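Residue numbers (numbering that gives the first Met the number 0), protein chains in the order written: chain A, 0 to 692; chain B, 0 to 75. Contents: one structure, followed by commentary.
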Amino acid sequence: MTKERIKIALAGNPNSGKSTLFNALTGLRQKVGNYPGITVEKKTGICNLDEDIKAEIIDLPGTYSLYPKSIDERVAQQVICNKDNQAYPDITVVVADATNLRRSVFLITQIIDLKMNVVLALNMIDLSISKGVIIDVKKLSDQLKIPVIAINARKQEGIKNLKKAILKATSENTFEDFFSVKMLFKNPIEDTNKLRGANNDYASFLALCMQEMSGERKNREELHAISKKHRFNPSRAQAQETIKRYKKIDVVVDNCITVVKVKGNRSITKWLDDILIHPIFGYVFFLSVLFLIFQAMFSWSAYPMDLIDSWFTNLSIWVANTLPAGVLNDLIVKGILAGLGGIIIFVPQIAFLFAFIAFLEDTGYMARVGFITDKLLRGFGLNGRSIIPLLSGAACAVPAIMTARTISSWKERMITIMVTPLMSCSARLPVYTLIIAMIIPTEQSWGPFNLQGLVMMAFYLLGFLAALGTAFIMKFILKAKERSFYIMEMPSYKIPDWRGVIYTIVEKVKVFLFDAGKVIIAISIVLWALSSYAPGNKFKEIENKWADIENAEVHIAAEKLESSYAGIIGKSIEPAIKPLGFDWKIGIALITSFAAREVFVGTMSTIYSVGDNSTQSIRERLESVKNPDTGKAFFTTAVGISLMLFYAFAMQCMSTLAIVRRETNSWKWPVIQFLYMGVLAYISSFIAYQLLS
Amino acid sequence: MQKLSEIAIGKEYIIQEIMDTELAQKLLEMGCTPGEKIVVERKAPFNDPIAIIVSGFMLSIRQDDAKQIIVKEAIS
Numbered sequence: 000m001t002k003e004r005i006k007i008a009l010a011g012n013p014n015s016g017k018s019t020l021f022n023a024l025t026g027l028r029q030k031v032g033n034y035p036g037i038t039v040e041k042k043t044g045i046c047n048l049d050e051d052i053k054a055e056i057i058d059l060p061g062t063y064s065l066y067p068k069s070i071d072e073r074v075a076q077q078v079i080c081n082k083d084n085q086a087y088p089d090i091t092v093v094v095a096d097a098t099n100l101r102r103s104v105f106l107i108t109q110i111i112d113l114k115m116n117v118v119l120a121l122n123m124i125d126l127s128i129s130k131g132v133i134i135d136v137k138k139l140s141d142q143l144k145i146p147v148i149a150i151n152a153r154k155q156e157g158i159k160n161l162k163k164a165i166l167k168a169t170s171e172n173t174f175e176d177f178f179s180v181k182m183l184f185k186n187p188i189e190d191t192n193k194l195r196g197a198n199n200d201y202a203s204f205l206a207l208c209m210q211e212m213s214g215e216r217k218n219r220e221e222l223h224a225i226s227k228k229h230r231f232n233p234s235r236a237q238a239q240e241t242i243k244r245y246k247k248i249d250v251v252v253d254n255c256i257t258v259v260k261v262k263g264n265r266s267i268t269k270w271l272d273d274i275l276i277h278p279i280f281g282y283v284f285f286l287s288v289l290f291l292i293f294q295a296m297f298s299w300s301a302y303p304m305d306l307i308d309s310w311f312t313n314l315s316i317w318v319a320n321t322l323p324a325g326v327l328n329d330l331i332v333k334g335i336l337a338g339l340g341g342i343i344i345f346v347p348q349i350a351f352l353f354a355f356i357a358f359l360e361d362t363g364y365m366a367r368v369g370f371i372t373d374k375l376l377r378g379f380g381l382n383g384r385s386i387i388p389l390l391s392g393a394a395c396a397v398p399a400i401m402t403a404r405t406i407s408s409w410k411e412r413m414i415t416i417m418v419t420p421l422m423s424c425s426a427r428l429p430v431y432t433l434i435i436a437m438i439i440p441t442e443q444s445w446g447p448f449n450l451q452g453l454v455m456m457a458f459y460l461l462g463f464l465a466a467l468g469t470a471f472i473m474k475f476i477l478k479a480k481e482r483s484f485y486i487m488e489m490p491s492y493k494i495p496d497w498r499g500v501i502y503t504i505v506e507k508v509k510v511f512l513f514d515a516g517k518v519i520i521a522i523s524i525v526l527w528a529l530s531s532y533a534p535g536n537k538f539k540e541i542e543n544k545w546a547d548i549e550n551a552e553v554h555i556a557a558e559k560l561e562s563s564y565a566g567i568i569g570k571s572i573e574p575a576i577k578p579l580g581f582d583w584k585i586g587i588a589l590i591t592s593f594a595a596r597e598v599f600v601g602t603m604s605t606i607y608s609v610g611d612n613s614t615q616s617i618r619e620r621l622e623s624v625k626n627p628d629t630g631k632a633f634f635t636t637a638v639g640i641s642l643m644l645f646y647a648f649a650m651q652c653m654s655t656l657a658i659v660r661r662e663t664n665s666w667k668w669p670v671i672q673f674l675y676m677g678v679l680a681y682i683s684s685f686i687a688y689q690l691l692s
Numbered sequence: 000m001q002k003l004s005e006i007a008i009g010k011e012y013i014i015q016e017i018m019d020t021e022l023a024q025k026l027l028e029m030g031c032t033p034g035e036k037i038v039v040e041r042k043a044p045f046n047d048p049i050a051i052i053v054s055g056f057m058l059s060i061r062q063d064d065a066k067q068i069i070v071k072e073a074i075s
């Protein structure tokens, strides 16, 4: 028997447990991609409905209705409303939160009226009962005329029944309207039906309401004409329809529920909110959480990072010795493996950070953080929802910028995207660590604090303040396309679902590895080529020059790098970076840092490897470098601070630029970002160097 | 008739009208329809945004938007 495959879309309100059900249905057989042309993440997975039938499940972004407001929600609407969409589902499973039945039913009835095959998965019934609301599932199914299955996504209960219902859904559907929108707007709908050549009243109504949206572009003028002819005002019609639809839903919901008095209702959430939203303790708690997160990122992830580092070192040595020497060996070891190692080493930090964020989001706490920070962030042109991208930026700007999608205001989303790369990401950490170790003695302290630690903290704070300051300036430059809102549900506190947290970590790490990884590998290879080849016979000459001298490998490597294409570029930019205190060697490091900032450390160690003692650590090597003009140590405090400032502000990350290009759908924004950050970096390094030297 | 931005914490009111169309679209679809009970549950530090309970769930909304929502006292 041939295996059948059907398409299922998973829809539902935010916080309805939709993702939990998606994980329960598909396990780890998930794929995260993008919808063609737009920036929204497309999550699909495979699920076996029975022995013969497989289903491809699309997890749509959470939405309250089919009227889209943020780009995230537009996707849900486009998939469900457009029969020509290649993702158009055979069956839509709507996940409903039983504790918010009325609101969930709104989306369900909209989908019913589009004449789709719908199965309702009623989640969290146990919670609803504990709140004193008992739902008659059978009655609800009769009234909505669709199959309703009680499930507990978290405990994976009712999944079998749900699969059975999905298999039967196509044969049992009567396609009766729940709410006839034609009663309200008969003429415009009939005209639109004719125009679209389909007898689907609700689809026509939605097309009329959203005539300005891209999805209905082809019929836009005709839709305008119909609206004009019948004096159809889209936004007023939408409001009218929503109110009428809710009136009908109220009758149905009242019929299907029994309310009983329960003592101590909502008390835990109320009690926690008293503390967590408190004007003083609320912020104290949030700062403690931040402290804990950074602690985890820096201390706890050190062990796995060291492990990865040593694996890659061993692997590189093994490959270098096993493969025959030559270009291929060189490319794999110095290009590909070096690039890969540079990416994978950050996985622990990213995993830790997103573990915390996913955990906090799942408990319901992140909505509270938005609540207590919205007012403050609004002053800087940001939004309470910006806090997650900014926080994630401390690990890596690439996944961080993607989390800005939930911000519905275009202006606030843009500002968030533009300033997030100023947050000190984990790739800056090795650069800071190296320079701080060089310019500040370990034993020096300031009161009870270690000075090195303080300087490190100051640079993290500096990144955050620069992000705020830039946001503040952009607030006056960018023109808002629409009014900004901060309407966000504050869900009851929940014990987080460990499985969900793990899925989120896996997903974010994948995004980082594949989205950022591709770019980093590509650039690593380009940089390898630039530093491995030189014009003419330069390399041969160098080899001949040192041919008779023993143990000259380091000298050869350093001289080769100097005469390579990378060295030529470094020297050609030297005049520009001299006022910042940098020489051409740092120039090469600045260029190679475009793959990823931490490449700085490796490049510096190669460039400055001139010296008799090759067992010296990179720090010792750099400390012994002399300034040819003064004869004193080259890495003075002035150079160090200037270099750190440059790394704090400059946009030296191709992966971030690539992601900004994708998220904003234009080259304009990444170019602006690159320029403003470059100028900021140059000016602050210049001032710092001139003042300190 | 009062604005949502002016009412005291903890007292029950009824939604009458949402003046701003864009705001209305967002709130209506979430079930904040005229006739629904609404309670200001708490306020964020600096009194903005505010958390309201409507139709059984808690929602945060900015003061500027709360000004657009007309409510009347519920008769208990």
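C-beta atoms are modelled at their ideal positions from N, C-alpha and C, and glycine is treated no differently. In this text the structure is predicted, and so the values were computed from the model without any measurement.
| message | Which of the three DSSP states is assigned to GLN29 of chain A in this structure? | response | Numbered from its first residue, the first sequence carries residue 29 of chain A at position 30. Strand.
| Chain-ordered chain A contacts of GLN1 of chain B [CB-CB under 7 Å] | On the second sequence, residue 1 of chain B is found 2 positions in, with the first residue counted as 1. Simply none; closest approach about 20 Å.
| query | So with Cβ pairs under 7 Å, would you call GLU374 of chain A a contact of chain B? | reply | For the purposes of this step, residue 374 of chain A is taken as the residue at position 375 of the first sequence. Reading off the sequence, residue 374 of chain A comes out as Lys, not Glu. Taking Cβ atoms only, chain B reaches closer than 7 Å to LYS374 of chain A, which makes this a yes.
| task | Using three-state DSSP, classify PHE448 of chain A as helix, strand or coil. | result | Looking up residue 448 of chain A in the first sequence gives position 449. Three-state result, PHE448 of chain A: strand.
| So which residues on chain B does GLN672 of chain A lean against when the C-beta distance must stay under 7 Å? | Locating residue 672 of chain A in the first sequence gives position 673, counting from the first residue. Chain B residues near GLN672 of chain A: none, gap ~28 Å exceeds 7 Å.
| When A:MET643, A:MET417, A:TYR282 are compared against MET365 of chain A, the one with the closest alpha-carbon | Counting from one through the first sequence, the residue named residue 365 of chain A turns up at place 366. Taking only the C-alpha atoms, the option nearest MET365 of chain A is A:TYR282.
| message | Which residue wins for smallest C-alpha separation from PRO669 of chain A, given the options A:PHE685, A:CYS208, A:LYS478, A:ALA649? | response | The count along the first sequence starts at 1 and reaches residue 669 of chain A at position 670. It is A:ALA649.
| message | Going by DSSP in three states, LYS10 of chain B sits in which element: helix, strand or coil? | response | One-based indexing of the second sequence puts residue 10 of chain B at position 11. Correct three-state label for LYS10 of chain B: coil.
| query | If we count the other Cβ atoms within 10 Å of its Cβ and call it buried at 16 or more, is PHE351 of chain A buried or exposed? | reply | What you label residue 351 of chain A is simply residue 352 of the first sequence in a count that begins at 1. Under this definition PHE351 of chain A is a buried residue.
| said: Let me confirm a value: ASP83 of chain A is counted as buried when at least 16 other C-beta atoms fall within 10 Å, else exposed. Which label applies? | reply: Locating residue 83 of chain A in the first sequence gives position 84, counting from the first residue. ASP83 of chain A is exposed by the Cβ-count criterion.
| field | Which of helix, strand or coil DSSP assigns to ASN116 of chain A | value | Counting from 1 along the first sequence, the entry for residue 116 of chain A is found at position 117. Note: ASN116 of chain A maps to strand in three-state DSSP.
| Since SER408 of chain A contacts PHE484 of chain A with CB under 8 Å, what's their CB separation in whole angstroms? | As a position in the first sequence, residue 408 of chain A is number 409, starting the count at 1. As a position in the first sequence, residue 484 of chain A is number 485, starting the count at 1. That belief holds up - the Cβ atoms of SER408 of chain A and PHE484 of chain A are roughly 7 Å apart, short of 8 Å.
| request: Grab me the residues of GLN443 of chain A's own chain with a C-beta within less than 6 Å of its C-beta, minus the 5 sequence neighbours each way, in chain order. | output: Residue mapping note: residue 443 of chain A aligns to position 444 of the first sequence, counting from 1. Excluding residues within five positions, the ones whose Cβ falls inside 6 Å are LEU450.
| query | Where do the N-terminal and C-terminal ends of the beta strand (DSSP E) with THR441 of chain A fall, by residue? | reply | As a position in the first sequence, residue 441 of chain A is number 442, starting the count at 1. Counting along the chain, no beta strand (DSSP E) covers THR441 of chain A, and no H or E run does either.
| query | So which residues on chain B does SER64 of chain A lean against when the C-beta distance must stay under 7 Å? | reply | Walking along the first sequence from the start, residue 64 of chain A turns up at place 65. Residues of chain B passing the Cβ test: GLU28.
| task | Please confirm if the segment 377-385 of chain A is in contact with the segment 541-561 of chain A, defined as three or more CB-CB distances below 8 Å between the two stretches. | result | no
| request: Measure the C-alpha to C-alpha separation of ILE693 of chain A and ILE387 of chain A and round it to an integer number of angstroms. | output: Lying outside 0 to 692, the shown extent of chain A, residue 693 of chain A is not represented and no answer is given.
| query | If we ignore side chains and look at the alpha-carbon of each, how far apart do LYS17 of chain A and VAL93 of chain A end up? | reply | Walking along the first sequence from the start, residue 17 of chain A turns up at place 18. Walking along the first sequence from the start, residue 93 of chain A turns up at place 94. If I take the Cα positions, the gap works out to 8 Å.
| CB contact check: GLU234 of chain A to chain B, cutoff 7 Å | For the purposes of this step, residue 234 of chain A is taken as residue 235 along the first sequence, with counting starting at 1. Note on identity: in this sequence residue 234 of chain A is Ser, with Glu being the wrong assignment. Closer than 7 Å: yes.
| Among all the DSSP beta bridges, which residues are the ones paired with SER59 of chain B? | Against the second sequence, residue 59 of chain B aligns to sequence position 60. Bridge partners of SER59 of chain B: A:MET487, B:ALA50.
| task | Indicate whether the contact test is met: 3 or more Cβ pairs, each with one atom in the segment 354-365 of chain A and one in the segment 533-553 of chain A, closer than 8 Å. | result | no
| field | Assigned exposure category for TRP497 of chain A - 16 Cβ within 10 Å defines buried | value | Position 498 of the first sequence holds residue 497 of chain A. Classification of TRP497 of chain A: exposed, given that the 10 Å Cβ count is below 16.
| query | Is ILE60 of chain B close to chain A, meaning its C-beta is less than 7 Å from at least one C-beta of that chain? | reply | The count along the second sequence starts at 1 and reaches residue 60 of chain B at position 61. Chain A has a Cβ within less than 7 Å of the Cβ of ILE60 of chain B.
| message | Using only the alpha-carbon positions, how far apart do VAL104 of chain A and ILE90 of chain A sit? | response | Within the first sequence, numbered from 1, the residue matching residue 104 of chain A stands at position 105. Within the first sequence, numbered from 1, the residue matching residue 90 of chain A stands at position 91. Each residue's Cα considered, the two are about 17 Å apart.
| task | Using a Cβ-Cβ cut-off of less than 9 Å, list which residues of the segment 9-41 of chain B approach chain A; keep chain order. | result | Legend: CB atoms of the segment 9-41 of chain B lying less than 9 Å from CB atoms of chain A belong to residues ILE17, ASP19, THR20, GLU21, LEU22, ALA23, GLN24, LYS25, LEU26, LEU27, GLU28, MET29, GLY30, THR32, PRO33, GLY34, GLU35, GLU40, ARG41.
| query | When the distance is taken between beta carbons, is ASP58 of chain A closer than 7 Å to LYS42 of chain A? | reply | Here residue 42 of chain A is taken as the residue at index 43 of the first sequence, counted from 1. Here residue 58 of chain A is taken as the residue at index 59 of the first sequence, counted from 1. Contact flag set, yes.
| field | Chain-ordered neighbours of TYR245 of chain A on chain B, where CB pairs are closer than 8 Å | value | Within the first sequence, residue 245 of chain A is the residue found at index 246, counting from 1. Correct list: LEU27, GLY30, THR32.
| Proximity to TRP299 of chain A [Cα-Cα], best of A:ALA164, A:ALA354, A:ALA8, A:VAL136 | As a first step, residue 299 of chain A is located in the first sequence; it is residue number 300 there, counting from the start. When only C-alpha atoms are compared, the closest one is A:ALA354.
| task | Report yes if the C-beta distance between ALA680 of chain A and VAL518 of chain A is below 7 Å; otherwise report no. | result | Residue mapping note: residue 680 of chain A aligns to position 681 of the first sequence, counting from 1. Residue mapping note: residue 518 of chain A aligns to position 519 of the first sequence, counting from 1. Their beta carbons are not under 7 Å apart, which means ALA680 of chain A does not touch VAL518 of chain A by this criterion.
| task | Could you tell me if TYR66 of chain A is buried or exposed, where buried requires 16 or more neighbouring beta carbons within 10 angstroms of its beta carbon? | result | As a working note, residue 66 of chain A is residue 67 in the first sequence. Under this definition TYR66 of chain A is a buried residue.
| Distance, ILE242 of chain A Cα to ILE671 of chain A Cα | Start at 1 with the first residue of the first sequence, and residue 671 of chain A comes out as number 672. Start at 1 with the first residue of the first sequence, and residue 242 of chain A comes out as number 243. Distance between the alpha carbons of ILE671 of chain A and ILE242 of chain A: 44 Å.
| task | Write down the C-beta distance between ARG618 of chain A and ALA436 of chain A rounded to the nearest angstrom, noting that I regard them as a contact closer than 8 Å. | result | Taking the first residue of the first sequence as position 1, residue 618 of chain A is located at position 619. Taking the first residue of the first sequence as position 1, residue 436 of chain A is located at position 437. Rounded, the Cβ-Cβ distance is 5 Å, consistent with contact.
| request: Within its chain, find whatever has a CB closer than 6 Å to the CB of SER54 of chain B; leave out the 5 residues flanking it on each side and keep chain order. | output: For the purposes of this step, residue 54 of chain B is identified with residue 55 of the second sequence, where counting begins at 1. GLY30, GLU35.
| request: Please work out which residues of its chain come closer than 8 Å, Cβ to Cβ, to LEU308 of chain A, disregarding the five sequence neighbours upstream and downstream, and give them in chain order. | output: Start at 1 with the first residue of the first sequence, and residue 308 of chain A comes out as number 309. Note on residue identity: the sequence assigns Asp, not Leu, to residue 308 of chain A. Closer than 8 Å at Cβ, skipping near neighbours: GLY340, ILE344.
| What does TYR485 of chain A reach in chain B if we use C-beta pairs closer than 9 Å? | Mapped onto the first sequence, residue 485 of chain A falls at position 486. What TYR485 of chain A touches in chain B: PRO48, SER59, ILE60, ARG61, ASP64.
| Do the CB positions of ILE416 of chain A and ALA399 of chain A come within less than 7 Å of each other? | Working through the first sequence from its first residue, we reach residue 416 of chain A at position 417. Working through the first sequence from its first residue, we reach residue 399 of chain A at position 400. No.
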